[in-house]
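> Below is a structure I'd like to ask you about.
Numbering (my numbering), first residue to last: 463 to 930.
Put into structure tokens, the structure is as follows:
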């Protein structure tokens, strides 16, 4: 029975090293390795640390296993077995090489256990979001979360325990590692098909609830990535499962064939590292918009008006005043009835115009300051507000001839056409913001970036303690 040729393990080593390089480059471009810090993320805690370090620890373990096993395989070479030349079995290895095999199997089983933790977390997290109702359950008190950490504990204990129990026979030890690991991974991947089946409807629901465009695009991208990743997960687990089933039965038609063994091992290597690379893109998604500091400017809202539009009406309101004199000249003393005479004014206001000379609609307020002192130039202060509040200018207005009408504290307001439309538009924006705040979407969806980088939201007051 062949355990794989040196060439098959060489492919494992090459892919592992290449993926390790890709991992380092990706994390550097992502946030300069800030994501691997102890308190990184929007909700730092045990969950974020377990998911980050278990995933990042899987790749170096696979690199060590692949490189070391390749070196040992090439050092031992091949042996003539009957009429065939096969890779030398572990029982025939030299002692200085053979004592490395069991530690390498522990490393490989530990790396596979971490891989199961990653796969199970993604499965349970998406099930949590798909089964979210109007109650908006908390992830750390949900049944899906309990399923994840229970399965993770079983994986972390079960995979090394399998190696420990079957350590007497190194050939069968490797077969049992393949059997337990590939069975668990295949079952997880099969259940993930349900997530892929329900995800299009979930996307339609997110769109209908008015989620941000960036969130919808990210979820749609992750859906496409998960479709590809599931295919490569099957490419990883099924070949190793076939080898394991063939190894535990009486006859070994596949393991007895050197081509069949190497072919399945190589397929498993390709599926393993391609699916892990896609997981990296999902756990730590890069944003080229943020990396390039690109922020598109919103075009200004321009309200077109006809040059032949009639002049805007002038609304005049008067409020009685009992104190003070508002005549621009020095107040006569003693008090005289003419001291309360206020002059009407036709304000000459400078309007901001567009390129073709048409003035934009504006709101003009003409006011006279309440002062008892004299005004040297007799000017009236005019404050001009544009629709967006971005332009403010003060224009001097020369005093008009007296009209001898008695007013006090008069305010002239010129309302240009279109101001009402802007107010209505702003009111609609406030209503839209209110409708989004009342959306039934879970906060994990509205602020979604990664399955392991959850937003810091308050847990529901249900009397239950948080799991982590």
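Think of the CB as a built atom: it goes at the ideal place given N, C-alpha and C, for glycine as much as any other residue. Quick caveat: nothing in here was measured; it's all calculated off a predicted structure.
Any idea which residues DSSP pairs residue 611 with across the strands?
None, per the DSSP bridge assignment.
> Along the beta strand (DSSP E) that carries residue 546, what are the first and last residues, could you check?
Where residue 546 is concerned, the enclosing beta strand (DSSP E) stretches over 546-549.
> Could you name the residues that DSSP lists as bridge partners for residue 540?
Beta-bridge pairing links residue 540 to 549.
> How about residue 696 and residue 913: are their beta carbons less than 8 Å apart?
Result no, Cβ atoms of residue 696 and residue 913 do not sit closer than 8 Å.
> Looking at residue 528 and residue 475, is the spacing between their C-beta atoms short of 8 Å?
Yes, they are a contact pair.
> What is the C-beta distance between residue 934 and residue 639, in whole angstroms, given that I count them as a contact (C-beta under 8 Å)?
Beyond the ends of the chain as shown, which are 463 and 930, falls residue 934; an answer cannot be given.
> For residue 750, collect the residues of the same chain with a Cβ closer than 6 Å to its Cβ; drop the 5 residues on either side in sequence, then sort them by chain order.
No residues qualify anywhere along the chain.
> My understanding is that residue 702 touches residue 644, with C-beta atoms under 8 Å, so please give their C-beta distance in whole angstroms.
So it is a contact: roughly 4 Å between Cβ atoms.
> Here's the rule I'm using: 16 or more other beta-carbon atoms within 10 Å means buried, otherwise exposed. How should residue 686 be labelled?
With fewer than 16 Cβ atoms within 10 Å of its Cβ, residue 686 is classed as exposed.
> Which one of 468, 482 and 466 has the shortest CA to CA distance from residue 736?
Considering only alpha carbons, the answer is 482.
> Do you know offhand how far residue 469's Cα is from residue 732's?
If you take the alpha carbons of residue 469 and residue 732, they lie about 14 Å apart.
> Per the contact definition of three or more C-beta pairs closer than 8 Å, is the stretch 600-610 in contact with the stretch 648-662?
No contact exists between the stretch 648-662 and the stretch 600-610.
> Answer yes or no: do residue 567 and residue 635 have a C-beta to C-beta separation smaller than 8 Å?
Their beta carbons are under 8 Å apart, which means residue 567 touches residue 635 by this criterion.
> For the alpha helix (DSSP H) that residue 645 lies in, which residues bound it at each end?
Run containing residue 645: 632-670, per the alpha helix (DSSP H) assignment.
> Run the CB neighbour count on residue 500, radius 10 Å, all protein chains shown included, and call it buried at 16 or more, exposed below.
By the neighbour-count rule (16 or more Cβ atoms within 10 Å), residue 500 is not buried but exposed.
> Confirm, please, whether the CB-CB distance from residue 679 to residue 907 is below 8 Å.
Not a contact, by the Cβ cut-off of 8 Å.
> In the DSSP assignment, the alpha helix (DSSP H) including residue 447 goes from what residue to what residue?
Look at the range of the chain in this structure, 463 to 930, and you will see that residue 447 is not part of it.
> So, for residue 742: in the same chain, excluding its five sequence neighbours on each side, which residues have a beta-carbon less than 7 Å away from its beta-carbon?
Same-chain partners within the cutoff: 485 and 488.
> Alpha carbon to alpha carbon, how far is residue 467 from residue 503? Give it in angstroms, no decimals.
If I take the Cα positions, the gap works out to 43 Å.
> Taking the beta carbon of residue 915 as the centre, do at least 16 other beta carbons fall within 10 Å, making it buried, or is it exposed?
Counting Cβ neighbours within 10 Å, residue 915 comes out buried, since at least 16 surround it.
> Does residue 491 pass the burial test, meaning 16 or more other C-beta atoms within 10 Å, or should it be called exposed?
Per the 10 Å Cβ criterion, exposed.
> For residue 912, does the three-state DSSP call read helix, strand or coil?
In the structure shown, residue 912 sits in a strand (DSSP, three-state: E or B).
> For residue 673, which residues from the same chain have a beta carbon less than 7 Å from its beta carbon, with the 5 sequence-adjacent residues on both sides left out?
Cβ neighbours of residue 673 beyond the five flanking positions: 903, 907 and 908.
> Which residues mark the beginning and the end of the alpha helix (DSSP H) in which residue 693 is found?
Segment 675-710, the alpha helix (DSSP H) holding residue 693.
> Less than 8 Å separating the beta-carbons of residue 942 and residue 675?
Past the edges of the chain, shown from 463 to 930, lies residue 942, and the structure says nothing about it.
> Which residues bound the alpha helix (DSSP H) around residue 477?
First-last of the alpha helix (DSSP H) with residue 477: 468-493.
> Do you know offhand how far residue 711's Cα is from residue 911's?
Roughly 46 Å between the two C-alpha positions.
> Measure from the alpha carbon of residue 548 to the alpha carbon of each residue in 721, 609 and 591, then state which is nearest.
Of the candidates 721, 609 and 591, the one whose C-alpha sits nearest the C-alpha of residue 548 is 721.
> Between 516, 465 and 495, which has its C-alpha nearest residue 552's C-alpha?
If we check each option's Cα against that of residue 552, 465 comes out closest.
> From residue 700 to residue 730, what distance separates their C-alpha atoms?
Cα to Cα, the separation comes out at about 8 Å.
> When the Cα of residue 574 is compared with those of 623, 725 and 719, which residue comes out closest?
Selected option, being the one with the closest Cα: 623.
> Here's a check: name, in chain order, each residue in its chain whose Cβ is nearer than 8 Å to the Cβ of residue 748, leaving out the five neighbours to either side.
488, 491 and 492.
> Hey, residue 530 and residue 562: beta-carbon distance below 8 Å or not?
Yes, these two residues count as a Cβ contact at 8 Å.
> Tell me whether residue 717 sits in a helix, a strand or coil according to DSSP, three-state version.
Residue 717: coil per DSSP, three-state reduction.
> Go ahead and label residue 594 buried or exposed: buried means 16 or more other beta carbons lie within 10 angstroms of its beta carbon, across all protein chains shown.
Burial call: buried.
> Return helix, strand or coil for residue 836, following the three-state DSSP convention.
Model confidence at residue 836 stands at a pLDDT of 44, short of 50, so the residue's coordinates are unreliable; what they give is reported in the following sentence. Coil at residue 836, not helix or strand.
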